[in-house]
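Under the UniProt record's numbering, the residue at position 90 of the sequence shown is numbered 90, and the numbers go up by one with no gaps. Below is one structure; the comments refer to it alone.
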Amino acid sequence: MTDSSDGTACDGEREPGPSDSLRTFGAVVQALREHAGLSRADFGARVRFSKHTVESVELGRRMPDESFVERAEEALGNTGALRKAAGHLTRGEAGLATWFRRWARLEKVAVSLCTYECRLVPGLLQSEGYARAVFEGTIPVVPDERLEELAAARRQRQRMLCERPTVPFSFIVEEHVFRRRFGDAGQMRSMLDHVLEHSGPRNVRLQIVPLESELHACLDGPVRLLETAEGRRFAYSEGQQNGRLISDVKEVSLLQQRYDTLRSQALNPKDSRDLLERLRGEL
Numbered sequence: 001m002t003d004s005s006d007g008t009a010c011d012g013e014r015e016p017g018p019s020d021s022l023r024t025f026g027a028v029v030q031a032l033r034e035h036a037g038l039s040r041a042d043f044g045a046r047v048r049f050s051k052h053t054v055e056s057v058e059l060g061r062r063m064p065d066e067s068f069v070e071r072a073e074e075a076l077g078n079t080g081a082l083r084k085a086a087g088h089l090t091r092g093e094a095g096l097a098t099w100f101r102r103w104a105r106l107e108k109v110a111v112s113l114c115t116y117e118c119r120l121v122p123g124l125l126q127s128e129g130y131a132r133a134v135f136e137g138t139i140p141v142v143p144d145e146r147l148e149e150l151a152a153a154r155r156q157r158q159r160m161l162c163e164r165p166t167v168p169f170s171f172i173v174e175e176h177v178f179r180r181r182f183g184d185a186g187q188m189r190s191m192l193d194h195v196l197e198h199s200g201p202r203n204v205r206l207q208i209v210p211l212e213s214e215l216h217a218c219l220d221g222p223v224r225l226l227e228t229a230e231g232r233r234f235a236y237s238e239g240q241q242n243g244r245l246i247s248d249v250k251e252v253s254l255l256q257q258r259y260d261t262l263r264s265q266a267l268n269p270k271d272s273r274d275l276l277e278r279l280r281g282e283l
């Protein structure tokens with residue numbers, strides 16, 4: 001399982017990496033330091049920070065404070081480059097895999113969002129208990145101190161459903177996803193209640209592909225699609241340890257056609273809700 005659905009980073013490989021701005025700033029510091037003929041230890045002595053702090057800044061792992069920037073400027077020629085670069089520094093987005101961040105930013109401004117999922121409940125519809133169960137089941141094991149950060153990132157993204165009531169959200173999910181067991185019967189009922197509640201608003205459309213359905217056009221795997229206010233369309237696909245933002249017009253159009261075809265084959269929203277309520281009653 002690659003991520004807990006919708007790009008939440010869950011292990012060392014998927015630990016949210018440094019932002020592009022931090023990496024760029026660090027590379028500039030390193031280039032200027034090396035041009036000045038200084039080792040990290042020598043440079044650290046000049047700016048009154050440890051060698052390890054210098055290394056963390058240069059690798060984009062640490063946000064430099066104002067004193068570091070000012071002392072580095074003085075030590076490296078007062079060109080003004082570091083002061084200007086520091087004004088554009090941003091931290092990585094906590095709890096989100098590096099490869100998912102561009103998609104997450106597009107989601108925030110999208111005028112429509114579509115999701116097909118065949119592995120697990122889509123992240124935007126997951127109950128907290130379900131999300132935590134996914135986080136806890138990943139390999140390597142997520143440290144206890146990371147669980148709350150991951151859960152917070154998931155809750156933050158889920159706010160879109162209630163904060164953007166005029167944006168249409170479409171979800172198509174395979175029935176077996178809702179049948180997969182986790183925890184006890186109470187946790188399963190809580191998950192189904194959560195999905196029923198959050199797929200209830202008029203702008204949220206949930207359709208289920210029943211087990212007895214025939215093979216269909218989206219069998220290549222999960223896919224997400226969105227449209228921006230400017231009319232641009234993007235898609236996103238994800239696999240083990242990676243994700244891909246797709247902007248090629250022809251490829252996005254093909255994926256949209258597949259999604260639209262599956263939408264006509266899946267149960268309608270009412271029948272989908274009836275199915276979820278039957279599953280809940282079976283617990």
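Quick reminder that beta carbons are idealized off the backbone N, C-alpha and C, glycines included. These numbers were taken from a predicted model, which means no experiment stands behind them.
Over what stretch of residues does the beta strand (DSSP E) that includes residue i continue unbroken?
| i | result |
| --- | --- |
| S237 | R233 to G239 |
| F169 | F169 to E174 |
| L225 | V223 to T228 |
| R244 | N242 to I246 |
| R164 | That residue, R164, is in no beta strand (DSSP E); it is neither H nor E in DSSP. |
Where do the N-terminal and C-terminal ends of the alpha helix (DSSP H) with residue i fall, by residue?
| i | result |
| --- | --- |
| V121 | Careful: V121 lies outside any alpha helix (DSSP H) and carries neither H nor E. |
| A110 | No alpha helix (DSSP H) contains A110, which is instead part of the beta strand (DSSP E) from A110 to E117. |
| F49 | No alpha helix (DSSP H) holds F49; DSSP gives it neither H nor E. |
| V249 | V249 to Q265 |
| V134 | E128 to E136 |
| R280 | P269 to E282 |
| D144 | D144 to Q158 |
| F182 | Premise fails: F182 is in no alpha helix (DSSP H) and is neither H nor E. |
| A104 | R101 to E107 |
| A75 | E66 to A75 |
| A86 | A81 to A86 |
Using only CA atoms, which one of the options lies nearest to residue i?
| i | options | result |
| --- | --- | --- |
| L276 | V249, S190, E145 and Y259 | S190 |
| R61 | T53, F68 and T166 | T53 |
| M188 | P140, Q126 and R233 | Q126 |
| F182 | G137, E145, A153 and Q207 | G137 |
| F112 | K270, Q256, R273 and G281 | For the record, residue 112 in the displayed sequence is Ser; it is not Phe. The residue with the shortest Cα to Cα distance from S112 is Q256. |
| L245 | A110, L106 and E148 | L106 |
| G26 | D42, N242, E58 and R40 | E58 |
| A103 | E238, P210 and L32 | The residue you asked about is not Ala; residue 103 is Trp in the sequence shown. Nearest of E238, P210 and L32 to W103, Cα basis: E238. |
| E163 | P201, R179 and A153 | P201 |
| P64 | F100, A45, N78 and A86 | A86 |
| L262 | A152, S213 and D271 | S213 |
| P210 | L279, E227 and R232 | L279 |
| R180 | F43, G243 and C118 | C118 |
| F234 | V204, S247 and T79 | S247 |
| P168 | R33, G77, S67 and H198 | H198 |
In the DSSP output, what is residue i paired with across the bridge?
| i | result |
| --- | --- |
| R189 | DSSP, once it has assigned bridges, lists no residue as partnering R189. |
| I208 | V173 |
Could you tell me if the beta carbon of residue i falls within a distance shorter than 7 Å of some heavy atom in the ligand HEM?
| i | result |
| --- | --- |
| V134 | You won't find the ligand HEM in this model; it holds no ligand whatsoever. |
At least 3 beta-carbon pairs within less than 8 Å: the stretch 209 to 228 vs the stretch 117 to 127: yes
Contact between the stretch 251 to 264 and the stretch 128 to 139 (3+ Cβ pairs under 8 Å): no
Inter-stretch contact at 8 Å, needing at least 3 Cβ pairs: the stretch 39 to 50 / the stretch 71 to 82: yes
Sufficient close CB pairs (3 or more, under 8 Å) joining the stretch 168 to 183 to the stretch 264 to 283: yes
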